[in-house]
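Before any comments, here is the structure.
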Amino acid sequence: MMNQKTSFARGAIFRVALVGICAALIEAVKLALAAIPNVEGVTLLCALFGYCFGWYGVLSTVVFVSIEPLIYGFNTWVLSYYLYWPFVAIVFLFLRKRGIKNRFLLTAVAVLLTIWFGVLTSLVDVGLFTGFLKNFWYRFAVYYWRGIWFYVVQIVCNAVVFPLLFRPLANLLTGLSDKFFPNRKKSEKGLDKSNEM
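One gets the working numbering by counting positions in the sequence shown from 1 and adding 605 to each.
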């Protein structure tokens, strides 16, 4: 009986540590790349953690977003971050559950999510700063177009990074995930070589 309690407590400690380490890694990568405008690794890490660690990966993105305002202060981007980053992890969590392993499909999803990030942040900024008046869509188009080159850099960054890094990092993290979640279904394990494209 004592052994079960010890095992449960140990598993809980590992899971809390996992969430903290993942959140810290996202923050560290974001800070490391901050000097290069809109070149980012946050999308890759949120996607990887959702894909490999499931709901614990989603929770790590929520912790990451909660840390951000403590560093940078509060503004409209906080709302956008709470909507977007956990969503990225959830999308990749469900791609994993569906057995999606094709690197090009995963890259296409990441690129679409990156496009959505630009749209979402522009919608939130325009809506919260100026309200939803009758010329909202005109103001949105102007605001979005003003930042189009930043969005293009993000899209290109993820279009290059995902096909190169997602598979090897997912295989590495899946090995770690198997240690944290040993009872997971075999159908959810790793990006094996049989589905390589």
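The beta-carbon is built from N, C-alpha and C at its ideal position, and this holds for glycine as well.
None of the values given here were measured: they were computed from a predicted structure.
Backbone secondary structure at residue i - three-state DSSP
i	result
residue 705	coil
residue 640	coil
residue 645	coil
residue 787	coil
residue 732	helix
residue 635	helix
residue 662	helix
residue 821	The structure shown does not extend to residue 821, since the chain spans only 606 to 802, so no value can be given for it.
residue 802	With a pLDDT of only 43 at residue 802, under 50, the local geometry of the prediction cannot be trusted, and the value read off the model is given with reservation. Three-state DSSP puts residue 802 in coil, outside helix and strand.
residue 738	coil
residue 752	coil
Residue-chain proximity (residue i, chain D), Cβ-Cβ < 9 Å
i	result
residue 709	Among the chains in the structure shown there is no chain D, since it carries only a single protein chain.
Under 9 Å between C-beta atoms of residue i and residue j
i	j	result
residue 760	residue 719	yes
residue 778	residue 692	no
residue 717	residue 663	no
residue 694	residue 665	yes
residue 758	residue 644	yes
residue 710	residue 656	no
residue 745	residue 731	yes
residue 714	residue 729	no
residue 727	residue 748	yes
Contact belief for residue i with residue j at Cβ below 8 Å, rounded distance in angstroms
i	j	result
residue 688	residue 653	Not a contact, Cβ separation roughly 20 Å.
residue 642	residue 767	Not quite, the Cβ-Cβ distance comes to about 20 Å (not below 8 Å), so this is no contact.
residue 763	residue 648	5 Å
residue 661	residue 624	6 Å
residue 771	residue 708	6 Å
Check: residue i C-beta below 8 Å from any heavy atom of the ligand HEM
i	result
residue 699	The model on display carries no ligand, and the ligand HEM is accordingly not part of it.
- prompt: Is it a yes or a no for the region 739-752 touching the region 683-700, going by three-plus beta-carbon pairs under 8 Å?
  reply: Not touching, per the Cβ criterion.
query: Is the region 665-673 close to the region 628-642, with three or more CB pairs under 8 Å?
result: The region 665-673, when compared against the region 628-642, does touch it at the 8 Å Cβ threshold.
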